[in-house]
Structure formats: structure tokens, C-alpha cells
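Residue numbers (the UniProt record's numbering): 1 to 171.
This report concerns only the one structure given below.
Pasting the structure below:
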């Protein structure tokens, strides 16, 4: 968990606002006893999370793909090849949706804007260090055009069918 108390407070504001704007249908599924708060998300979204990333083509057609995601400082971070269709879509149309679903155990759904992080970005070094420690090598070394992306969410909800089970550390 790398989130600061300020980041958790801001994430909680985002979660509360998103839930408040959600439909009756969603609130019937993600009831208060199944709703994950900012502290819960920071606790359970550790390590690699395989994310479903939805982008939009030039013809306004949705496309979905999977990316290795990491929840760092209350935002999703991922890398991909700059030549990948998803990267090309995001450069022109940075709006994206991300979901992380682990069966009925947990679901986190986010909508926002993707930003591309270059080595000059003040957060790049910490992200690079985290990813290198996780993978054993820098994603930058995996190809000539690897890009680092981060979703700046404007809507996010977290769900656990059995919240107590999700929040109990696995042994």
C-alpha cells in the first residue's frame, strides 16, 4: 500500500460521489455491506491485477483488452507497447474504462482519462521502481516503444460479494 492519507481521503470522496451518482440498479447490487471503501481498496489491490481496459476507435467502436495493472497512489498504472492499438486509441481519445474482476470475490470499476507518463514526469521514477521490483526488469527494457499510462479516474466503485472474506488476509 503506497497511498498517503490525503490520497485515501480523495479516493473516498471519488468513491462516495460515484456511488451517489450511480443508478438504482447498481446500488441494488453494490449494497453498503458489499461496498469497498478507499482503505479497503488500498488493502486488497496489491501486486499485479489483470485489468480489462476499454478504449474507443476512431469510428467510436469500443475495444477491450487486458493489461497488467498496478494500483499505486489510488490510481491504476499500466504499460503497453506504444504501437499497440490501445495506445494509439488513448493518444487521440484518452477517455477509458478499467475493470478489475476476480470472480464473485471482488470487482472494481473505473472511468477516467489516461495520461501518458514520460521519464520527465515527477511520478515516473517511483512507478518505474515499483514495476521493476515486481517484474525483475524495467518495462522500458521490453521493447523500443513501451509507454507508461495512468488512469485519472472521475468515477470508481468497488464491490465484494463477501467483504469480510476479501478483507481477511490470505494465508
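Glycine included, C-beta positions come from ideal geometry on N, C-alpha and C.
Keep in mind that this is a model prediction, so the values were computed, not measured.
{"Item": "So the candidates are 13, 41 and 136; which of them puts its Cα closest to the Cα of residue 158?", "Value": "41"}
{"Item": "Got a sec? Which residues, its chain only, sit under 7 angstroms from residue 14 by beta carbon, not counting five neighbours each side?", "Value": "153 and 156"}
{"Item": "Which of helix, strand or coil does DSSP assign to residue 139?", "Value": "helix"}
{"Item": "Tell me residue 79's beta-bridge partners as DSSP assigns them.", "Value": "148"}
{"Item": "Can you tell me the Cβ-Cβ gap for residue 190 and residue 146, rounded? I've got them flagged as a contact below 8 angstroms.", "Value": "One cannot answer for residue 190 here, as it falls past the ends of the chain, which runs 1 to 171."}
{"Item": "Specify the secondary structure class of residue 72 as computed by DSSP and reduced to three states.", "Value": "strand"}
{"Item": "Just to confirm the assignment, what range does the alpha helix (DSSP H) spanning residue 90 have?", "Value": "85 to 92"}
{"Item": "Using three-state DSSP, classify residue 52 as helix, strand or coil.", "Value": "strand"}
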